[in-house]
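In terms of the working numbering, the sequence shown opens at residue 1 and continues consecutively. Structure first, then comments.
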Amino acid sequence: MSHKCPKYEDVLLSFFLPIKSLNESVLKITLWKIFSIAMHSSAIIKQLNIGVKSLMTRSNIMKTLGQFIVEKQAEYPNAKGELSGILSSIRLVAKIIHRDINRAGLTNNIIGGSGVENVQGEAQMKLDLFAHNTMKQALISREEVAGFASEEEENIVIFDTERGRNAKYVILTDPLDGSSNIDVNVAVGTIFSIYRRISPVGTPVTLEDFLQPGHRQVAAGYIVYGSSTMLVYTTGNGVNGFTYDPSLGVFCLSHENLQIPQDGRIYSINEGQYLKFPQGVKKYIKYCQEVDTETHRPYASRYIGSLVSDFHRNMLKGGIYIYPSATNYPNGKLRLLYEGNPMAFLAEQAGGKATDGYTRILDIQPTELHERVPLFIGSKEMVNKAEEFMQESV
Ligand code: AHM
Ligand code: MG
1 MSHKCPKYED VLLSFFLPIK SLNESVLKIT LWKIFSIAMH SSAIIKQLNI
51 GVKSLMTRSN IMKTLGQFIV EKQAEYPNAK GELSGILSSI RLVAKIIHRD
101 INRAGLTNNI IGGSGVENVQ GEAQMKLDLF AHNTMKQALI SREEVAGFAS
151 EEEENIVIFD TERGRNAKYV ILTDPLDGSS NIDVNVAVGT IFSIYRRISP
201 VGTPVTLEDF LQPGHRQVAA GYIVYGSSTM LVYTTGNGVN GFTYDPSLGV
251 FCLSHENLQI PQDGRIYSIN EGQYLKFPQG VKKYIKYCQE VDTETHRPYA
301 SRYIGSLVSD FHRNMLKGGI YIYPSATNYP NGKLRLLYEG NPMAFLAEQA
351 GGKATDGYTR ILDIQPTELH ERVPLFIGSK EMVNKAEEFM QESV
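Okay, here's the thing in structure tokens:
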């Protein structure tokens with residue numbers, strides 16, 4: 001193979017050739033290799049520079065989630081960074097699930113049913129279990145977490161180690177919401193909810209630590225794996241959304257201080273179940289469909305069948321999501337602890353509203369780990385209107 005050596009190789013050669021013991025052709029090849037490595041390294045360094053510069057440019061405009069968490073923590077001088085640690089673990093879980101969802105069509109290990117039913121008799125998908133295990137493993141290794149409960153596991157998981165007994169927080173999660181949508185490339189989500197334990201630190205957590213009303217949440221959020229992956233969360237001081245940049249592996253603050261429009265023009269409900277719904281819901285659906293230019297009706301009907309995605313869209317555009325009670329679901333289908341409470345906390349923090357048709361979701365005292373609740377959530381005016389129909393029909 002002939003090498004077309006640049007001039008400076010000749011210059012270099014002129015330094016070495018006087019050493020008689022050196023073979024000219026071996027020396028030429030060696031020098032050419034050194035030169036190639038140098039050129040290659042400089043190209044890599046240039047690329048790295050471009051990458052770092054682009055990250056810096058972006059982060060000048062968009063803060064990363066890591067920076068944001070550190071900044072927020074600094075606002076509370078007494079904070080020990082425990083919540084920040086938990087949020088960092090959830091960020092990692094989001095990246096892992098994002099990666100696997102994106103490969104879903106390429107491997108049989110991810111799509112399809114697992115052949116198992118969860119505690120509520122619903123078919124578990126492989127990714128449900130994968131997401132559940134990923135979340136559990138990420139949290140079990142944290143010293144701030146005393147226990148964990150998941151839609152996919154019958155009982156609470158007590159982290160009964162010295163570290164777990166001395167930890168302050170419990171986490172509840174729907175690890176993969178809307179999982180029946182995975183096989184068809186439709187957006188799904190992960191929901192999480194964080195409480196401070198009420199049992200004494202130093203003892204194992206108990207069921208009571210998990211059965212707290214939603215207004216006691218210290219943080220809640222979701223990850224939506226959609227056209228882009230976003231992590232949206234609140235610690236009770238407004239709602240912020242971070243979009244994942246897979247090329248950099250970071251979440252960037254893209255939706256600061258999210259506010260749900262007070263009113264909207266989208267209603268999201270599984271209308272196929274219409275005949276099974278209570279009278280108030282049927283009347284509200286008819287109200288949404290009536291023509292009235294002043295109130296911009298009829299509203300648009302949009303239902304993805306994935307709470308996180310439907311809620312996320314409504315939060316950005318204005319709208320209402322309803323999963324009411326039905327003759328086949330006397331208390332609705334959604335779970336109070338894994339879905340109702342965290343989404344209600346987010347809705348209220350963004351200026352929206354969440355009720356079961358009569359009562360504020362965050363005021364309901366849970367009595368069971370997997371209890372269900374009817375959910376009316378979204379733009380305040382729309383939820384108020386739906387509530388009016390519910391109350392009139394009692
Ligand atoms: P899941 O947590 O088992 O996925 O169930 C909850 C999901 C929601 O995300 C979604 O809005 C609803 O169930 C869809 O139910 P349906 O098919 O009855 O409309
Ligand atoms: Mg769910």
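Yeah, the Cβ is synthetic: ideal placement off N, Cα and C, and Gly gets one too.
Residue environment analysis places Y338 among the buried positions, since at least 16 neighbouring C-beta atoms fall within 10 angstroms of its C-beta. Approximately 5 Å separates the beta-carbon atoms of G332 and S325; this is inside 8 Å, confirming the contact. Taken through DSSP and simplified to helix, strand or coil, T161 comes out as coil.
In the same chain as Q259, and ignoring 5 residues on each side of it, the C-beta atoms closer than 6 Å to its own belong to A350 and G351, in chain order. In terms of CA proximity to N102, I182 leads the group M230, I182 and Y233. Not a single heavy atom of the ligand MG lies less than 7 Å from the C-beta of D310.
G241 is classed as buried because its beta carbon has at least 16 other beta carbons within 10 Å across all chains shown. At least one heavy atom of the ligand AHM is found less than 7 Å from the C-beta of K333. DSSP, read as helix, strand or coil, puts D100 in helix.
The residue from R265, S306 and E71 with its alpha-carbon nearest to that of E294 is R265. For G147, the enclosing beta strand (DSSP E) covers residues V145 to S150. Here L176 is actually not in contact with D100; their C-beta atoms are around 10 Å apart, not less than 8 Å. For M230, the enclosing beta strand (DSSP E) begins and ends at T229 to T234. Taking C-alpha positions only, T161 is separated from L275 by approximately 51 Å. Excluding sequence positions up to five before and after N166, its CB lies within less than 7 Å of the CB of V201 and G202, all in the same chain and listed in chain order.
In this structure G178 touches L307 by the C-beta definition: roughly 6 Å separates them, less than 8 Å.
The residues Y303, G305 and Y323, in chain order, have a CB closer than 8 Å to that of N270 in the same chain once the five nearest residues on each side in sequence are set aside.
Contact check between the region 216-232 and the region 182-193: three or more CB pairs, one atom from each, fall below 8 Å, which counts as touching. Nearest C-alpha to D209 among V186, A219, T234 and V170: V170. Here D263 is not near E388, since their CB atoms are 8 Å or more apart. Taking C-beta atoms as the reference points, E144 and I86 count as a pair closer than 8 Å.
Taking 7 Å as the cut-off, one finds no heavy atom of the ligand MG near enough to the beta carbon of D128.
Rounded to whole angstroms, the gap between the alpha carbons of N185 and S199 is 42 Å. Between Y284 and E371, the alpha-carbon positions lie close to 25 Å from each other.
Within its own chain, the residues whose Cβ lies closer than 6 Å to the Cβ of G378, once the five positions on either side in sequence are excluded, are N314, G319, I320, Y321 and G352, listed in chain order. Counting along the chain, the unbroken alpha helix (DSSP H) around Q349 starts and ends at N341 to Q349. Note that the C-beta distance between F159 and A146 is below 8 Å. DSSP places A219 in the uninterrupted beta strand (DSSP E) bounded by Q217 to Y225. Look at Y303 here: in three-state DSSP terms it is coil, with no helix or strand label. Here K353 carries a strand assignment [DSSP, helix/strand/coil]. In the DSSP assignment, I198 falls outside any alpha helix (DSSP H) and carries neither an H nor an E. Burial check for T64: the Cβ neighbour count within 10 Å reaches 16 or more, so the residue is buried. DSSP lists R335 as the bridge partner or partners of R372. The nearest non-hydrogen atom of the ligand AHM is 7 Å or more from the C-beta of N314. The three-state secondary structure of G189, taken from DSSP, is strand. Set against 7 Å, the gap from the CB of Y169 to the closest heavy atom of the ligand AHM is not smaller.
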